[in-house]
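Beneath this line is the structure, given in structure tokens, with notes to follow.
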């Protein structure tokens, strides 16, 4: 169960109410016209789970202990986020390793930790021609001496758009391909094959994740989750005042989830709107309680130009206690003795939330009763729907990313010289 | 060697020139009056290196392979950043493990990977009574059954302010203590015992790091590094327009360095100024080229409300090649074939920098010829001096952090109920 709370005032006058209705209609239209297809993934991807589970009985997969994902951005962040969140609950899961940065030091380090005979390689690129991914794929082929025509085919999977150059390449060699629906952008693709294939291969229960996603999609379209509309209306109509949203997540294993969220918002909401204005909210990820000792001062006493969203896990399903030890002279720290670390981290979350709200910073909270697969699915779809609604109110194309083309052209020019 | 470049126009009129002179004078004064003491660390900490090296001949330390640091915020981020940057160059270095978050899942995971007989435990808290640190220290004592009165004393070190409660506690049990100078705040303390003790124990060459720091301090006070003054003047006088600074670091191992920078700026510059106004710049860390596929769209087409600083390592000292392989149908990616990944990641950095500058975003760059210990020392002091100068121009107390007290009081109240 996921609860959503807000500590900020927002007067829903007629104007705001209309905005909310219009945004809802636009999202319904996007869904019906097929402009965005992520709403359907929770249902459509069930087939992928079934297929991958069948595949998993092959000797090559049974003998593997590592899934190497070669992909960047939308092709890695989602699976990485879910792996980080669930890893401690799945001690038997195969290791996931991500080749995402063309950083030579990182590549060398990862190679040193791998054994080809125990690895399944998944190359993921929506366009099929992402320069980082293809360069990494080549060095993986070369380093592990992968024979694309022979036995190694079994340890290779490609995930890409139907008809892309990577798709054709895989077909040519008879490599297994999973496709991404054309109307699902990279940053919205975690519940497509992009996330589902590697996570199912690793051993995660993706059906439950999809179920959680399906639940909130259904409820949203039935207008039973209007708090998402309200939050979108607040942040979109106030974006020039509150230019940043800080996602303050209270658990170390949520770090990669905040990175997924940063991509989702950064690429979706940083746009030139339909009137030609530059608009957009800056997303920031923070980890509690670490960043209480880092970034919090700026939120509390700095400019009121941010909103803050807390994520709290009520039950970590871990009962480590703060022992009842008194360190001589440091008795002032004893007030938490005998409590669990679960209680401490959540009390820190609540205390920080109250302190920030008292400063007049708009604050809201997402509370997971526990870290379950269904809650993760719900959380993902909550954020994706929120992004679509915010984009609708900002009057932008939420699903494209034209801004990054210039850098790619300059890059190619540098090598042509 | 570290080079600093800027791609933005800044007209140094009389007014700006005066601001720069005044800021310089205030920093000189802070140094001479002992308001801030970090300038002296590159010289003063040499003694600590010598002492720790002597200590390292003890059997307990010789037989250890892990240094566990119990500390949060300024007590962990600096050593963590340097460890991340240098690890691949020191295959023999002892493992550093950080207990910083009272997250029960993380604590359990770390315990499972440790062996008391091979671990040195360092508890770090400037005040001596940080609630997270003391709670973690207690669970470490209890889990490993540390005998503070007996043999385990040898594997324990405390680092704290002179006369703090932790200092008195350590003295009472005869535990080795290193002190942090009173005028060195947590976020400026990486080159004090806080960073130098664990890093030297792990086997890193801290003398060279200190040397790099000393070099830029000396040159700054001789007014041979005025570009720092200029950058401080630009960001401080334009903070309402450019509210964020994105540190775009092109190397995965710089991720923890960007977290150190976020604390340094967030806690130092997010303040109520001497006229009672809320001021402050928001720091953001990004990793190239990963975040080119995540956050870049927002920089390129979103609001021009950010400055961007690039960090580039010219020579990664690693010659992995992008193999000369043509993937049938994906020939458009072949333009980088035969080049090194070192070249690719740096060309991406340059291309992104050009693309961003073309949008009118103020851009500057920090270029390290290679990742050497002296360059790291220089980089750290560059950022610390920049922070002091920016704080001087913003007319704030750069070195306090009053904003986080409220949350601590609310936290204690929650447990009293």
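Residue numbers (my numbering), protein chains in the order written: chain A, 15 to 431; chain B, 15 to 431. We put the CB at the ideal spot given by N, CA and C, even for glycine.
Worksheet entry | Proximity of residue 22 of chain B and residue 297 of chain B at Cβ, strictly below 9 Å | Residue mapping note: residue 22 of chain B aligns to position 8 of the second chain, counting from 1. Residue mapping note: residue 297 of chain B aligns to position 283 of the second chain, counting from 1. No, Cβ-Cβ distance for residue 22 of chain B and residue 297 of chain B is not below 9 Å.
Fill in: Opening and closing residue of the alpha helix (DSSP H) in which residue 187 of chain B lies
What you label residue 187 of chain B is simply residue 173 of the second chain in a count that begins at 1. Counting along the chain, the alpha helix (DSSP H) containing residue 187 of chain B begins and ends at 179 to 187.
Practice prompt. Note down the Cα distance separating residue 355 of chain B from residue 365 of chain B, rounded to an integer number of angstroms.
Written response: Walking along the second chain from the start, residue 355 of chain B turns up at place 341. Walking along the second chain from the start, residue 365 of chain B turns up at place 351. Their backbone Cα atoms lie some 15 Å apart in a straight line.
Worksheet entry | Amino acids of chain A, ordered along the chain, whose beta-carbon sits closer than 9 Å to that of residue 364 of chain B | As a first step, residue 364 of chain B is located in the second chain; it is residue number 350 there, counting from the start. By Cβ distance, chain A contributes 424, 425 and 428.
Fill in: Reference residue 267 of chain A; option with closest CA among A:303, A:310 and A:358
The sequence position of residue 267 of chain A within the first chain is 253, counting from 1. Of the candidates A:303, A:310 and A:358, the one whose C-alpha sits nearest the C-alpha of residue 267 of chain A is A:303.
Fill in: Opening and closing residue of the beta strand (DSSP E) in which residue 366 of chain A lies
Taking the first chain and counting its residues from 1, one reaches residue 366 of chain A at position 352. Not the beta strand (DSSP E): residue 366 of chain A falls in the alpha helix (DSSP H), residues 355 to 372.
Worksheet item: DSSP puts residue 167 of chain A in a beta bridge; with which residues?
Response: On the first chain, position 153 is the one that residue 167 of chain A refers to. Bridge partners of residue 167 of chain A: none, in fact.
Item to complete: State yes or no: is the C-beta of residue 162 of chain B within less than 9 Å of the C-beta of residue 170 of chain B?
Response: By one-based count along the second chain, residue 162 of chain B stands at place 148. By one-based count along the second chain, residue 170 of chain B stands at place 156. Against a cut-off of 9 Å, the Cβ pair of residue 170 of chain B and residue 162 of chain B comes out as a contact.
Worksheet item: Which whole-angstrom value describes the C-beta separation of residue 280 of chain A and residue 311 of chain B, a residue pair presumed to lie in contact below a C-beta threshold of 8 Å?
Response: Here residue 280 of chain A refers to the residue found at position 266 of the first chain. Here residue 311 of chain B refers to the residue found at position 297 of the second chain. Right, the Cβ-Cβ distance comes to about 6 Å (below 8 Å), so this counts as a contact.
Worksheet item: How would you list, in chain order, the residues of chain B whose beta-carbon sits under 8 Å from the beta-carbon of residue 113 of chain A?
Response: Locating residue 113 of chain A in the first chain gives position 99, counting from the first residue. Within chain B, no residue comes near residue 113 of chain A; the closest Cβ sits about 11 Å away, beyond 8 Å.
Practice prompt. Spell out the partners DSSP gives residue 317 of chain B in its beta bridges.
Written response: Numbered from its first residue, the second chain carries residue 317 of chain B at position 303. Beta-bridge pairing links residue 317 of chain B to no other residue.
Discussion item. Less than 9 Å between the beta carbons of residue 383 of chain B and residue 329 of chain B, yes or no?
Written reply: Here residue 383 of chain B refers to the residue found at position 369 when the second chain is read from its first residue. Here residue 329 of chain B refers to the residue found at position 315 when the second chain is read from its first residue. In this structure, residue 329 of chain B lies closer than 9 Å to residue 383 of chain B by Cβ.
Worksheet item: Can you name, in chain order, every residue of its own chain whose Cβ lies under 7 Å from the Cβ of residue 230 of chain A, other than the five neighbours on each side?
Response: On the first chain, position 216 is the one that residue 230 of chain A refers to. Excluding residues within five positions, the ones whose Cβ falls inside 7 Å are 239, 392, 395 and 396.
Practice prompt. Can you tell me which of A:415, A:262, A:380 and A:198 puts its alpha carbon nearest to the alpha carbon of residue 48 of chain A?
Written response: Stepping through the first chain from its first residue, residue 48 of chain A is reached at position 34. With distances taken between Cα atoms, residue 48 of chain A lies closest to A:198.
Item to complete: Please list the residues of the region 147 to 168 of chain A that have a C-beta atom closer than 8 Å to any C-beta atom in chain B, keeping them in chain order.
Response: 148, 149, 151, 152, 153, 155 and 156
Worksheet item: Can you find a C-beta in chain A that's less than 9 Å from the C-beta of residue 175 of chain B?
Response: As a first step, residue 175 of chain B is located in the second chain; it is residue number 161 there, counting from the start. Cβ-Cβ to chain A under 9 Å: no for residue 175 of chain B.
Fill in: Counted within 10 angstroms of its Cβ, other Cβ atoms place residue 102 of chain B as buried (16 or more) or exposed
Taking the first residue of the second chain as 1, we reach residue 102 of chain B at position 88. Buried, because 16 or more other Cβ atoms sit within 10 Å of the Cβ of residue 102 of chain B.
Discussion item. Does residue 115 of chain A pass the burial test, meaning 16 or more other C-beta atoms within 10 Å, or should it be called exposed?
Written reply: Residue mapping note: residue 115 of chain A aligns to position 101 of the first chain, counting from 1. With 16 or more Cβ atoms within 10 Å of its Cβ, residue 115 of chain A is classed as buried.
Practice prompt. Under 8 Å between beta-carbons, which chain A residues line up against residue 376 of chain B? List them in chain order, please.
Written response: If you number the second chain from 1, residue 376 of chain B lands on position 362. Simply none; closest approach about 15 Å.
Discussion item. Quick check on DSSP: helix, strand or coil for residue 299 of chain A?
Written reply: For the purposes of this step, residue 299 of chain A is taken as the residue at position 285 of the first chain. Reduced to three states, the DSSP call for residue 299 of chain A is strand.
Worksheet item: Should residue 264 of chain A go down as buried or exposed, given a rule of 16 or more other Cβ atoms within 10 Å for buried?
Response: Residue mapping note: residue 264 of chain A aligns to position 250 of the first chain, counting from 1. Buried.
Practice prompt. Along the beta strand (DSSP E) that carries residue 124 of chain B, what are the first and last residues, could you check?
Written response: Counting from 1 along the second chain, the entry for residue 124 of chain B is found at position 110. Looking at the DSSP string, residue 124 of chain B is not in any beta strand (DSSP E); the run it does join, the alpha helix (DSSP H), is 118 to 126.
Fill in: residue 277 of chain A, buried or exposed, once every other Cβ within 10 Å from all chains shown has been counted against 16
Numbered from 1 along the first chain, position 263 holds the residue referred to as residue 277 of chain A. With 16 or more Cβ atoms within 10 Å of its Cβ, residue 277 of chain A is classed as buried.
Worksheet item: For the region 337 to 355 of chain B, which residues have a CB atom closer than 8 Å to at least one CB atom of chain A, in sequence order?
Response: 337, 339, 341, 342, 343, 344, 346, 347, 349, 350, 351, 353, 354 and 355
Worksheet item: Is the CB-CB distance between residue 137 of chain B and residue 96 of chain B below 9 Å?
Response: For this step, residue 137 of chain B is matched to residue 123 along the second chain. For this step, residue 96 of chain B is matched to residue 82 along the second chain. Taking 9 Å as the Cβ cut-off, residue 137 of chain B and residue 96 of chain B do not qualify as a contacting pair.
Discussion item. Counting beta carbon pairs with one atom in the region 58 to 67 of chain A and one in the region 122 to 136 of chain A, are three or more of them shorter than 8 Å?
Written reply: no
Worksheet item: Which residues share a DSSP beta bridge with residue 432 of chain A?
Response: There is simply no residue 432 of chain A to check, as chain A begins at 15 and stops at 431 in what is shown.
Discussion item. Counting only C-beta atoms, is residue 334 of chain B closer than 9 Å to chain A at any point?
Written reply: The sequence position of residue 334 of chain B within the second chain is 320, counting from 1. It does: the Cβ of residue 334 of chain B has a partner Cβ on chain A nearer than 9 Å.
Worksheet item: What residues from chain A crowd round residue 183 of chain B, counting only those whose CB sits closer than 8 Å?
Response: Here residue 183 of chain B corresponds to residue number 169 of the second chain, with the count starting at 1. Those within 8 Å of residue 183 of chain B in chain A are 341, 342, 343 and 344.
Worksheet entry | Closer than 9 Å to chain B by CB, residue 119 of chain A | Numbered from its first residue, the first chain carries residue 119 of chain A at position 105. Yes, contact with chain B.
Fill in: Residue environment, residue 42 of chain B, which counts as buried when at least 16 other CB atoms sit within 10 Å
The residue you call residue 42 of chain B lines up with position 28 of the second chain. So residue 42 of chain B ends up on the exposed side.
Fill in: Cα-Cα separation, residue 334 of chain A to residue 175 of chain A
Taking the first chain and counting its residues from 1, one reaches residue 334 of chain A at position 320. Taking the first chain and counting its residues from 1, one reaches residue 175 of chain A at position 161. Each residue's Cα considered, the two are about 46 Å apart.
Discussion item. Quick check on the burial criterion: 16 or more other C-beta atoms within 10 angstroms. Buried or exposed for residue 389 of chain A?
Written reply: Start at 1 with the first residue of the first chain, and residue 389 of chain A comes out as number 375. With 16 or more other Cβ atoms within 10 Å, it is buried.
Practice prompt. At 8 Å on the CB atoms, spell out the chain A contacts of residue 372 of chain B, in chain order.
Written response: Here residue 372 of chain B corresponds to residue number 358 of the second chain, with the count starting at 1. The answer, in chain order, is 420.
Item to complete: Give the secondary structure of residue 53 of chain A by DSSP, where H, G and I count as helix, E and B as strand, and everything else as coil.
Response: As a working mapping, residue 53 of chain A is identified with position 39 in the first chain. Helix at residue 53 of chain A.
Worksheet item: Using a beta-carbon distance below 9 Å, is residue 369 of chain B in contact with chain A?
Response: By one-based count along the second chain, residue 369 of chain B stands at place 355. True, the Cβ-Cβ gap to chain A drops below 9 Å.
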